[in-house]
Amino acid sequence: MKSKATLKIGSEKIKIGDTKDIHLKISETYTGVPIQIPIRVYRAKEPGPTVFITAAVHGDELTGVGIIRELFSNPLTLIKGTLICIPVVNIFGFENHSRYLPDRRDLNRCFPGTESGTLGSRLSYHLFEEVIKKCDFGIDLHSAASCRTNFPQIRANFNISKAQKLGFAFGCELVINNKGHENSLRERASAENCPTILYEAGETLKFEPGVVDLGIRGVKNILKHLNMIKGDPLLPLYQTEINKSKWIRSNNGGILRFSVHPGDLVKKDDVIAECENLFFQKAETINAPFDGIVLGMTTLPAVKPGEPICHIGIPSVSMEEIRRKIKKEPETLHRKVQTQLKTNIKLHKKK
Ligand SMILES: [Zn+2]
């Protein structure tokens, strides 16, 4: 464990047993005024792991901001270790409702950064040096990119066994095995002996209640898994890894009428969507190429040839087993999430 009796972030010292709000300087405005990112640190009296939770690395992905704010409004009683919460990492994008930095770079390709690099590289450097390198585990909270929605899922690098364990401990049904983009926060933190997972859920520019609730449950599950808070983890009815997935694309320009929603189980050849022109003349029927689970979808009903429509993943667990487990499902958080995500996509009405 990397924890020390006194944790130092920027010029602030946080002693064991303290909770402290910090404003870490990461840049300056055109007028030379400091730009800071807000950080809250909770430290238990007993030593233990140091965990970071980051949100809005992509400035328009607010899901994680909602999750961390909920944690602030109902503070956890840490029995061990240190929790470092950073509700807004990409402060530039957040202020402009944008995924990107002002120079159009993606902050999540700038890690670990350098002291003398670009705007994003310097921000990354400060965050990495002051926080990430002092942590044992990380949770990075995201949503789908603009005009898409994701069924809540965890991404983790299964080559790192602690990341794989953390990925399942969060408690999403779907755990996707991938290394993460080169120079992303997750990829670089994991390479620095800080296994980090990524929560991908819902849409940009929203606090979606079910998606936020599932994220809070997930963060608490991780802290329970690490014995940092009391209680047993709350797990879903099934969990599966996803090792292979494919974006299904339109071959025509037109308007989509969807037949599936995020989280749906589909069979090979099931209709995903009909693509039609404005006068309802059909251009094509888009079918599932294999059995799988709808991981994510476009929310934009207008498409051009080659544009993505639906992201389908192949589970490691058999589809029959999943169907059996969810068949008699009571009103659970899973159902709440799925019902709410449905409202983002107009379903094709069968005549
Ligand atoms: Zn993102």
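Numbering-wise, my numbering comes out as the position in the sequence shown, counting from 1, plus 1399.
All residues carry an ideal CB built from backbone N, CA and C; glycine is no exception.
Counting only runs that start and end inside the stretch 1421 to 1485, the beta strand (DSSP E) elements of at least 3 residues fall at 1433 to 1442, 1449 to 1454, 1481 to 1485.
Taken in chain order, the whole beta strand (DSSP E) runs of length 3 or more contained in the stretch 1560 to 1635 are 1573 to 1576, 1595 to 1601. Rounded to the nearest whole angstrom, the CA to CA distance from V1736 to K1666 is 22 Å.
In the three-state scheme derived from DSSP, where H, G and I count as helix and E and B as strand, Q1739 is classed as helix. Looking at the DSSP output, P1714 sits in a beta bridge with I1641. With a cutoff of 8 Å on beta-carbon distance, I1628 and L1477 are scored as near each other. In this structure, the beta-carbon distance from E1719 to Q1638 does not fall below 8 Å. Inter-residue distance for A1682 and I1671 is about 14 Å (C-alpha atoms, whole angstroms). In this model, P1437 and I1713 are separated by some 39 Å (Cα to Cα). The three-state reading of DSSP puts I1490 in helix, counting H, G and I together.
Within its own chain, the residues whose Cβ lies closer than 7 Å to the Cβ of C1593, once the five positions on either side in sequence are excluded, are I1531, C1534, D1535, F1536, G1537, listed in chain order. Between the alpha carbons of T1405 and S1589 lies a distance of about 24 Å. In the structure shown, R1503 adopts coil according to DSSP, grouped into three states. Within the stretch 1674 to 1721, no complete alpha helix (DSSP H) segment of 4 residues or longer occurs. N1549 is bridged by DSSP to G1601, G1695. At a threshold of 7 Å, H1496 does not count as near ligand 1, since its beta carbon sits no closer than that to any of the ligand's heavy atoms. Here DSSP, grouped into helix, strand and coil, assigns F1510 to coil.
A distance criterion of 7 Å places the beta-carbon of N1507 in contact range of ligand 1, judged by its closest non-hydrogen atom. Scanning C1509, G1614, G1465 for the CA closest to the CA of K1605 turns up G1465. Taking a C-beta distance under 8 Å as the contact criterion, L1423 and E1529 qualify as a contact pair. Shown here for R1439: same chain residues with a beta carbon closer than 6 Å to its own, the five before and five after excluded, namely D1420, C1484 in chain order.
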